[in-house]
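Numbering (our numbering), first residue to last: 401 to 800.
We treat Cβ as the ideally placed atom computed from N, Cα and C, and that holds for glycine.
Here the structure is a predicted model, which is why all the values come from computation and not from measurement.
Written out below as structure tokens is the structure these notes cover.
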Ligand code: SAJ
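What follows is the structure, given as structure tokens:
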């Protein structure tokens, strides 16, 4: 059994390494020559707990990396699915190109598994017409959460959407090389929809928490205490408010449904708008806290946290980037930015040393709850803090 994983990003690489580390003859393919060369040299392309150990095991078992798709029994396509921010329709171009690169080399009846998150109907509309029955199609969406990928790769339940039971079982036994979770076989459209629904559910729940934060701010109540108490109810599980919803998943997938079902998705659309409005709320809170604390110059303020969430180095759809856009639109410049996970230059006024970041500041806006800030909260003593993540505590700390 040989598996070719096409796309070595945040999902494709851990998947390819997990297959190889568990004895599957695996080749990883990516168009990005620089990324492939790094992997060939034994250099990981992003940080994730445990990924280095898995990488070593996969290399020991002979995993290979290349830019050219090869003959294999099964192909796993894990490429981006961007969406058009105006029409909210998915752009299937990467999937189509990846499938075409497979068709150029694969044998008849090979199995092509699309892992990328796609709205219901994408396989039927965009993939079936190009494969024209030459290969067997499967949709097996990934659910691992950045920050806990490897545990979830091994333990999450999975869904496999296939056109027939035999193909589903064939793919199920491949995933069972590393997955100990339940694996359910269903049809492709159900698999496509279930994945989008999972992320949409989470986005709506976060929007509810964010709206509660706004209500409690207006009503002078402690939203975190209220959520904590409400969640003591056996059937209540409200998530946490924050400065916005980032990442390439929760902030994107609900738009697929809004784009395809605009008249049936008012709640989903509204939740997206609530979450996307949180950077505006953060800017309002910054101004309010500055007024309360007699801070007049934005150059005396620092933004802590650039990545889209704690303990990851992924900037995609980061709420901090949205806030920086709003500062620029308001003609505000010179606000310092620091993120312990981001070592490459991503924004203006980015500082790479925490002490240098803090030096001369009067106020820090905590936007990401990295473990780093939990371990270094004492260094914020004496500063005014606007903590949007409920991760720092003390007399000088303000909330959303
Ligand atoms: N966030 C909040 N409040 C919360 C939880 C999250 O504001 O209570 C924010 C985070 O700060 C972040 C964003 O939401 O900006 C998304 O973070 P996340 O941890 O909720 O999710 P992702 O995007 O890292 O991973 C999600 C997961 N989906 C679900 O939990 C249903 C993961 O299982 C998926 O595999 C992943 O999307 C994906 O790739 O689809």
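Give the C-beta separation of residue 800 and residue 788 to the nearest angstrom, bearing in mind that I take them to be a contact with Cβ-Cβ under 8 Å. For the purposes of this step, residue 800 is taken as residue 400 along the chain shown, with counting starting at 1. For the purposes of this step, residue 788 is taken as residue 388 along the chain shown, with counting starting at 1. Between residue 800 and residue 788, the beta carbon gap of about 5 Å places them in contact (Cβ cut-off 8 Å).
How long is the line joining the alpha carbons of residue 554 and residue 412, rounded to whole angstroms? Your numbering for residue 554 matches position 154 in the chain shown. Your numbering for residue 412 matches position 12 in the chain shown. Note on geometry: alpha-carbon atoms of residue 554 and residue 412 lie some 15 Å from one another.
Return the Cβ separation of residue 648 and residue 717 in integer angstroms, given the expectation that the two are a contact with Cβ distance under 8 Å. Residue numbering aside, residue 648 sits at position 248 when the chain shown is read from its first letter. Residue numbering aside, residue 717 sits at position 317 when the chain shown is read from its first letter. Yes, they are in contact, since the Cβ atoms of residue 648 and residue 717 sit about 6 Å apart, within 8 Å.
In chain order, what residues of the same chain have a beta carbon less than 8 Å from the beta carbon of residue 637, not counting five sequence neighbours either side? For the purposes of this step, residue 637 is identified with residue 237 of the chain shown, where counting begins at 1. 605, 631, listed in sequence order.
Status (buried if at least 16 other CB within 10 Å, exposed otherwise) for residue 673: Here residue 673 refers to the residue found at position 273 when the chain shown is read from its first residue. Counting other Cβ atoms within 10 Å of its Cβ, residue 673 stays below 16 and is therefore classed as exposed.
When DSSP labels each residue in this structure, what does residue 798 get in the three-state scheme? Within the chain shown, residue 798 is the residue found at index 398, counting from 1. Residue state, collapsed to three classes: strand.
What are the start and end residues of the beta strand (DSSP E) that includes residue 433? Indexing the chain shown from 1 puts residue 433 at position 33. Note, residue 433: premise wrong, no beta strand (DSSP E); alpha helix (DSSP H) at 433 to 440.
Give the range of the alpha helix (DSSP H) segment to which residue 456 is assigned. Within the chain shown, residue 456 is the residue found at index 56, counting from 1. Segment 451 to 460, the alpha helix (DSSP H) holding residue 456.
Let's see if you can read the secondary structure: which residues bound the beta strand (DSSP E) around residue 539? By 1-based counting over the chain shown, the position of residue 539 is 139. That run of the beta strand (DSSP E) goes 536 to 539.
I'd like to confirm something about residue 709: is its beta-carbon nearer than 8 Å to some heavy atom of the ligand SAJ, or not? In the chain shown, the residue the question calls residue 709 occupies position 309. Yes, the beta carbon of residue 709 sits closer than 8 Å to at least one heavy atom of the ligand SAJ.
Contact under 9 Å by Cβ, residue 416 with residue 462: On the chain shown, residue 416 is found 16 positions in, with the first residue counted as 1. On the chain shown, residue 462 is found 62 positions in, with the first residue counted as 1. Going by C-beta atoms, residue 416 is not nearer than 9 Å to residue 462.
Is DSSP giving residue 489 helix, strand or coil here? Counting from 1 along the chain shown, the entry for residue 489 is found at position 89. Secondary structure at residue 489: coil, using DSSP grouped into helix, strand and coil.
Where does residue 699 sit, in a helix, a strand or coil, going by DSSP? Translated into the one-based positions of the chain shown, residue 699 becomes position 299. The answer is helix: DSSP assigns residue 699 an H, G or I state.
Under the assumption that residue 689 contacts residue 763 (Cβ atoms under 8 Å), give the Cβ distance between them as a whole number of angstroms. In the chain shown, counting from the first residue as 1, residue 689 sits at position 289. In the chain shown, counting from the first residue as 1, residue 763 sits at position 363. At roughly 7 Å, the Cβ-Cβ gap stays under 8 Å, so residue 689 and residue 763 are in contact.
DSSP three-state assignment for residue 635, whether helix, strand or coil: On the chain shown, residue 635 is found 235 positions in, with the first residue counted as 1. Of the three classes helix, strand and coil, the one that applies to residue 635 here is coil, per DSSP.
Cβ of residue 648 versus every heavy atom of the ligand SAJ: is any distance shorter than 8 Å? Residue mapping note: residue 648 aligns to position 248 of the chain shown, counting from 1. True, at least one ligand heavy atom lies under 8 Å from that Cβ.
Does the beta-carbon of residue 629 have 16 or more other beta-carbons within 10 angstroms, so that it is buried, or is it exposed? Counting from one through the chain shown, the residue named residue 629 turns up at place 229. Its Cβ having fewer than 16 others within 10 Å, residue 629 is exposed.
If you draw a straight line from the C-alpha of residue 614 to the C-alpha of residue 427, how long is it? Translated into the one-based positions of the chain shown, residue 614 becomes position 214. Translated into the one-based positions of the chain shown, residue 427 becomes position 27. The C-alpha of residue 427 is placed about 49 Å away from the C-alpha of residue 614.
Measuring from the CB of residue 575, is there a heavy atom of the ligand SAJ at a distance below 8 Å? The residue labelled residue 575 in the question sits at position 175 within the chain shown. The answer is no for residue 575.
So, at 8 Å on beta carbons, what are the nonlocal neighbours of residue 587 in its own chain, with the 5 sequence-adjacent residues on each side left out? As a position in the chain shown, residue 587 is number 187, starting the count at 1. For residue 587, where only same-chain residues beyond five positions count, the Cβ hits under 8 Å are 561, 562, 563.
Return yes when the Cβ of residue 715 is within less than 9 Å of the Cβ of residue 742, no when it is not. For this step, residue 742 is matched to residue 342 along the chain shown. For this step, residue 715 is matched to residue 315 along the chain shown. In contact: residue 742 and residue 715 (Cβ atoms closer than 9 Å).
According to DSSP, simplified to helix, strand and coil, what is residue 716? Here residue 716 refers to the residue found at position 316 when the chain shown is read from its first residue. The answer is coil: DSSP assigns residue 716 none of H, G, I, E or B.
In angstroms with no decimal places, state the Cα-to-Cα distance between residue 756 and residue 436. For the purposes of this step, residue 756 is identified with residue 356 of the chain shown, where counting begins at 1. For the purposes of this step, residue 436 is identified with residue 36 of the chain shown, where counting begins at 1. Separation of residue 756 and residue 436 (C-alpha to C-alpha, rounded to the nearest whole angstrom) is 35 Å.
Could you check the C-alpha separation between residue 778 and residue 456 for me, to the nearest Å? For this step, residue 778 is matched to residue 378 along the chain shown. For this step, residue 456 is matched to residue 56 along the chain shown. Their backbone Cα atoms lie some 37 Å apart in a straight line.
Are at least three pairs of beta-carbons, each pair with one atom in the segment 564 to 571 and one in the segment 491 to 503, less than 8 Å apart? The segment 491 to 503 and the segment 564 to 571 do not touch, with fewer than three beta-carbon pairs separated by less than 8 Å.
Sequence ranges, alpha helix (DSSP H) only - wholly within the segment 571 to 655, length at least 4: Counting only runs of 4 or more, we get 588 to 619, 623 to 630.
Following a CB-centred definition, is residue 547 positioned closer than 8 Å to any heavy atom of the ligand SAJ? Position 147 of the chain shown, counting from 1, holds the residue named residue 547. Residue 547: yes, Cβ under 8 Å from the ligand SAJ.
Any non-hydrogen atom of the ligand SAJ within 8 Å of residue 642 CB: Indexing the chain shown from 1 puts residue 642 at position 242. Yes, since a heavy atom of the ligand SAJ falls inside the 8 Å radius drawn around the Cβ of residue 642.
Can you check which of these residues, 474, 488, 697, 539, is closest to residue 508 by C-alpha distance? Along the chain shown, one-based indexing puts residue 508 at 108. Among 474, 488, 697, 539, the Cα nearest to that of residue 508 belongs to 474.
DSSP state of residue 562, grouped into three classes? Reading the chain shown from its first residue, position 162 is the one you call residue 562. When DSSP states are grouped into helix, strand and coil, residue 562 belongs to the strand group.
Please list, in chain order, all residues of the same chain as residue 712 whose beta carbon is under 7 Å from its beta carbon, the five residues on each side excluded. Against the chain shown, residue 712 aligns to sequence position 312. Contacts found: 546, 547, 741.
How close, in whole Å, do the beta carbons of residue 701 and residue 751 come, if the pair is a contact with beta carbons under 8 Å? Translated into the one-based positions of the chain shown, residue 701 becomes position 301. Translated into the one-based positions of the chain shown, residue 751 becomes position 351. Approximately 13 Å separates the beta-carbon atoms of residue 701 and residue 751; this is outside 8 Å, ruling out the contact.
Residue from 660, 621, 450, 644 with nearest C-alpha to residue 677: Here residue 677 refers to the residue found at position 277 of the chain shown. The shortest Cα separation from residue 677 among 660, 621, 450, 644 belongs to 644.
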